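Engineer:
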Amino acid sequence: MHVSLKKEPKDIKHILYSYLKYWYLFVLGLLIATASVFLYLRYHAIPIYQADSVLLIKDSNATNRVSEIESASDLGLFKSSRDLVNEMGILKSSALMEQALKRIGIYASYSLEGNLKDVAVYEKNLPIHLDVDSLNPPKPGGHYVLKFTGEKTYELSTENGRFVPYTFGVPIALGEGSVVVNRNPNIPVDAFKNASLNFSFTDIQAASEYYSSKLAVMPTSEKGGSLLKISLQDPLPERAEELLTTLISIYMEEAVIFNNQLALNTIQIIDSRLMQLTEELSDAEKSVEGYKQRNDLTDVNSDAQMYLESATDSNKQLANYENQLDVLNSISAYIIQSGSELKMIPSTLVVEDPSLQNLILKFNNLQLERQQMLQSTPSTNPLVVRMTGEINALKGNILEALNNVKNGLLITQKNIRSNSQRFQSQIRKVPLAERELTQINRQQSTKNDIYTFLLEKREEAALSLNAPVTNSRIIERPKATRKPVRPNKTSMYLGAFILGIFIPFSGIYVRQKLNDTIQSVEDIVHCTATPVLGKVAHNKERVTVVATAERNTPIAEFFRLIRFNLKFATLGRLSKVILVTSGKKGEGKTFFTINLATSLALAGNKVIALGFDLREPQLMKDLKLLNKKGITDYLSQEVLTLNDIIIPVPDVENFDVIGAGTLASNPGELMISDRIQVLIEELKSNYDYVLIDTAPIGKVADAYGLAPYSDVCIFVVRQQFTSKKELQTIEDIHSNKKIKSPFIVLNDVKMVHGETYGYGKTNRIS
Numbered sequence: 001m002h003v004s005l006k007k008e009p010k011d012i013k014h015i016l017y018s019y020l021k022y023w024y025l026f027v028l029g030l031l032i033a034t035a036s037v038f039l040y041l042r043y044h045a046i047p048i049y050q051a052d053s054v055l056l057i058k059d060s061n062a063t064n065r066v067s068e069i070e071s072a073s074d075l076g077l078f079k080s081s082r083d084l085v086n087e088m089g090i091l092k093s094s095a096l097m098e099q100a101l102k103r104i105g106i107y108a109s110y111s112l113e114g115n116l117k118d119v120a121v122y123e124k125n126l127p128i129h130l131d132v133d134s135l136n137p138p139k140p141g142g143h144y145v146l147k148f149t150g151e152k153t154y155e156l157s158t159e160n161g162r163f164v165p166y167t168f169g170v171p172i173a174l175g176e177g178s179v180v181v182n183r184n185p186n187i188p189v190d191a192f193k194n195a196s197l198n199f200s201f202t203d204i205q206a207a208s209e210y211y212s213s214k215l216a217v218m219p220t221s222e223k224g225g226s227l228l229k230i231s232l233q234d235p236l237p238e239r240a241e242e243l244l245t246t247l248i249s250i251y252m253e254e255a256v257i258f259n260n261q262l263a264l265n266t267i268q269i270i271d272s273r274l275m276q277l278t279e280e281l282s283d284a285e286k287s288v289e290g291y292k293q294r295n296d297l298t299d300v301n302s303d304a305q306m307y308l309e310s311a312t313d314s315n316k317q318l319a320n321y322e323n324q325l326d327v328l329n330s331i332s333a334y335i336i337q338s339g340s341e342l343k344m345i346p347s348t349l350v351v352e353d354p355s356l357q358n359l360i361l362k363f364n365n366l367q368l369e370r371q372q373m374l375q376s377t378p379s380t381n382p383l384v385v386r387m388t389g390e391i392n393a394l395k396g397n398i399l400e401a402l403n404n405v406k407n408g409l410l411i412t413q414k415n416i417r418s419n420s421q422r423f424q425s426q427i428r429k430v431p432l433a434e435r436e437l438t439q440i441n442r443q444q445s446t447k448n449d450i451y452t453f454l455l456e457k458r459e460e461a462a463l464s465l466n467a468p469v470t471n472s473r474i475i476e477r478p479k480a481t482r483k484p485v486r487p488n489k490t491s492m493y494l495g496a497f498i499l500g501i502f503i504p505f506s507g508i509y510v511r512q513k514l515n516d517t518i519q520s521v522e523d524i525v526h527c528t529a530t531p532v533l534g535k536v537a538h539n540k541e542r543v544t545v546v547a548t549a550e551r552n553t554p555i556a557e558f559f560r561l562i563r564f565n566l567k568f569a570t571l572g573r574l575s576k577v578i579l580v581t582s583g584k585k586g587e588g589k590t591f592f593t594i595n596l597a598t599s600l601a602l603a604g605n606k607v608i609a610l611g612f613d614l615r616e617p618q619l620m621k622d623l624k625l626l627n628k629k630g631i632t633d634y635l636s637q638e639v640l641t642l643n644d645i646i647i648p649v650p651d652v653e654n655f656d657v658i659g660a661g662t663l664a665s666n667p668g669e670l671m672i673s674d675r676i677q678v679l680i681e682e683l684k685s686n687y688d689y690v691l692i693d694t695a696p697i698g699k700v701a702d703a704y705g706l707a708p709y710s711d712v713c714i715f716v717v718r719q720q721f722t723s724k725k726e727l728q729t730i731e732d733i734h735s736n737k738k739i740k741s742p743f744i745v746l747n748d749v750k751m752v753h754g755e756t757y758g759y760g761k762t763n764r765i766s
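Under UniProt numbering, the first residue of the sequence shown carries the number 1, and numbering increases by one thereafter.
(1) Using the rule of at least 16 other Cβ atoms within 10 Å of the residue's Cβ for burial, across every protein chain shown, is ALA496 buried or exposed?
(2) By a C-beta neighbour count over all protein chains shown, 10 Å radius and 16 as the cutoff for buried, is HIS538 buried or exposed?
(3) Would you identify the three-state DSSP class for THR158, choosing helix, strand or coil?
(4) Pick out whichever of GLY588, ALA603, ILE646, ARG615 has its Cα sitting closest to the Cα of ALA609.
(5) Give a yes or no on whether the C-beta atoms belonging to ALA216 and TYR49 are separated by under 8 Å.
(6) Could you give the first and the last residue of the continuous beta strand (DSSP E) run that contains VAL37?
(7) Determine whether the beta carbon atoms of residue 767 and ALA601 lie at a separation below 8 Å.
(8) Have a look at ARG542 and ILE562 and give me their C-alpha separation to the nearest angstrom.
(9) Just to confirm the assignment: which complete beta strand (DSSP E) runs, minimum length 3, are found wholly within the region 443-504?
(10) How many angstroms separate the CA atom of PRO648 from the CA atom of THR641?
(11) For GLY105, tell me which candidate among SER310, LEU55, THR246 has the shortest Cα-Cα distance.
(12) Confirm, please, whether the CB-CB distance from PRO138 to GLY89 is below 8 Å.
(13) Grab the span of the beta strand (DSSP E) containing SER53 for me, first residue to last.
(14) Name the two residues that bound the continuous alpha helix (DSSP H) containing residue 767.
(15) Around the Cβ of ILE12, are there at least 16 other Cβ atoms within 10 angstroms (buried) or fewer (exposed)?
(16) Can you tell me where the beta strand (DSSP E) with ASN747 in it begins and where it stops?
(17) Return helix, strand or coil for residue 767, following the three-state DSSP convention.
(18) Just curious, the alpha helix (DSSP H) that PRO554 is in, first and last residue?
(19) I need the straight-line Cα distance from PRO127 to ASP83, nearest angstrom please.
(20) Roughly how many angstroms lie between the CA atoms of LYS457 and LEU264, to the nearest whole one?
(21) Count the other CB atoms, across all protein chains shown, that sit within 10 Å of the CB of PRO742; report buried if there are 16 or more and exposed otherwise.
(22) If you draw a straight line from the C-alpha of GLY583 to the C-alpha of VAL607, how long is it?
(23) Secondary structure at VAL700, three-state DSSP: helix, strand or coil?
(24) Output the boundary residues of the alpha helix (DSSP H) element that contains ASP732.
(25) Is the distance from the Cβ of GLY705 to the Cβ of ILE658 below 8 Å?
(26) Between GLN443, GLY175, ASP748, which has its C-alpha nearest residue 771's C-alpha?
(27) Using beta-carbon positions only, say whether SER196 and GLU113 come within less than 8 Å of one another.
(28) Count Cβ pairs between the region 555-570 and the region 588-601 that sit closer than 8 Å; are there 3 or more?
(29) With a threshold of 16 other CB atoms inside 10 Å of the CB of ILE498, please say whether the residue is buried or exposed.
(30) Once DSSP output is grouped into helix, strand and coil, what is the label at VAL256?
(31) So, helix, strand or coil for LEU20, using DSSP?
(32) Look up PHE199 in the DSSP assignment and give the residues it is bridged to.
(33) Would PHE201 and GLY141 be called neighbours here (beta carbons separated by less than 8 Å)?
(34) Mapping DSSP to helix, strand and coil, what is LYS79?
(35) Looking at C-alpha atoms only, which residue of PRO185, TYR634, SER36, VAL546 is the closest neighbour of SER673?
(36) Where VAL27 and GLY500 are concerned, what is the direct C-alpha to C-alpha distance, given to the nearest angstrom?
Encoded structure:
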């Protein structure tokens, strides 16, 4: 039966030690990782540099010159929308990049042969440059090796690997095309005499697509603005700078060409329209001249204009008087509707009558004084009554004045209306011919205005051609970084450090998780409530008896500590017979029995060890003693006495041993012999401790047969050997009390760094 135990938190120090004991794996991992990064950076990685520039994209409508774009927009012919996104797309176009590559002349890539890897070099830093025949260019690709033999000669490898001498400046057939290798007088040949220069021809289209993908164009600010940051990465910083400079220059030239082309198109359209308008104006002038001649007309338009202006003035006056009459009617209705109530009368600013204005002003002032007096005086007060009478009298005067003003306005309005009708009659009498002449003049004037407007716009477009201004300005000229931007050495070494730690750590972690064997005392405590008596260190000396008096080793000290723990655990109880067993063979129970017996004997106790593992006896063999008569003989031959089978252990005082004896064919039958009890009782009377080395409890039931005779049972488990599942058997024995006083000893413990044989972590003994 398995007992579920409450898990205790693991010792952090122990967990750390469980990894640190494999320190060599971490050191090896770090060495391999850092060495790999070093070799990669030294012999394989290609350093990448970055050239940066900042470009200001101007607003086409904000230039100082007269823009042809404005001219075209005024005419409704063209609309320009060169916004920031469009300019970014133009700069990143492969077509623009192809022009830059052709202008620089990047028709080949070069590298100098090195001991371990070739080193890329820019053509401008070489004593030569290639001129490619544009009509007969070489095929892209190929691999050629050039060696300098003098100031005027060189050797070039052919397809079969042979070198052929040539002279600089002479056309040669290469790559199914024609090429001229010219000298660069600025670079001396002497520095390259012993060097081999490799080169291959470049596919301009593929190169333009490649560099366009490496070109980064982005706004410098996400909050708006017209600044663009342009970046280009390349293994050669000089090439990146020149290529970016050339690209921006071509971009600015293309912008000027675009604007000029727009101006030329505008001029062409305007010229065409001007020619048409010239003919139309000539026809209109002839029509006016012929019409006047046919109707004998000179300048009768001035009288018609005078009548029209007079009629217009009369209409305005009629509207003004109509407005005044409406205001006066409104005031009269307001006063009449107020009845006996004394209300303020609105001002009549529209009506320019001083007497009426004075009456209304006096009425409102008296009304205001009366209201102020009523706040402190009753309405029956003589003053208030007198003032009320004055106000009512004024109201009647105002109504009379309003009627007088209205009558005057009506008379004036009637006279003006009569004049207006007379002017209208005069206008209607204007000859029909004159009106037709006016229509002809209007058409002539309209065409003349259009003609003048087009002449102005043509002049603006012509001026823009003579003063071309680009739509952008370089804020920061292209400049390459001094150090490579890729690969990032710091990041790579940091990654190597992390990887060098992580891989060994992961391997150890997985190994520990997959390993179901006991690793420490904590594993035992977590799996069973059986008390842990102690642990035994790994035996590095490969000798059986390690707990001798002359030894002061960690393993000997562990046995002394177990001896002390055994006495402490069994304090007040009789514990003369100690049963030693294990779950399976190889866990060290016989080794433990011998050394525990030795440790007890060195403490002055008389000890005897019994080899009760009758199937695979190991006790006598480990002690290097002859396996003469032993337990099997004693149990099967009643004539034998203890003196016949007890053998003293050499060099260890007070330590005797009884071997398994002759190998029996029926050990199971012998284990139920009555003589076992006789044997144990007699030994208990003669010895202080009787240690029984029995067969593993996981295989046979011998240990259960001997359990009734024992006072203490010690289960020996081995580090990294005993499965944790076997602890369930021990837990079942402990919880169900199948054997008296069970204890566990962890054997073959590999000491980790920082751990000693002293009194560190206290073992749980109950």
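Note that CB positions come from ideal geometry on N, CA and C, so glycine has one too. Model, not experiment: these values are computed from the prediction.
Structural biologist: Reading off the structure:
(1) buried
(2) exposed
(3) coil
(4) ILE646
(5) no
(6) It is not in any beta strand (DSSP E) - VAL37 instead sits in the alpha helix (DSSP H) that spans 23-39.
(7) The displayed coordinates of the chain run from 1 to 766. Any statement about residue 767 would go beyond what the structure contains.
(8) 21 Å
(9) 472-480
(10) 15 Å
(11) THR246
(12) no
(13) 49-57
(14) An answer regarding residue 767 cannot be provided, because it is not within the stretch 1 to 766 covered by the chain.
(15) exposed
(16) 742-749
(17) Any question about residue 767 goes unanswered here, given that the chain covers just 1 to 766.
(18) 554-569
(19) 44 Å
(20) 12 Å
(21) buried
(22) 25 Å
(23) coil
(24) 726-735
(25) no
(26) The structure shown does not extend to residue 771, since the chain is modelled only from 1 to 766, so the question has no answer here.
(27) yes
(28) yes
(29) exposed
(30) helix
(31) helix
(32) TYR110, TYR144
(33) yes
(34) Here LYS79 scores only 41 on pLDDT, less than 50, and its place in the model should not be relied on; the value that follows carries that caveat. In this structure, LYS79 counts as coil in the three-state DSSP scheme.
(35) TYR634
(36) 8 Å
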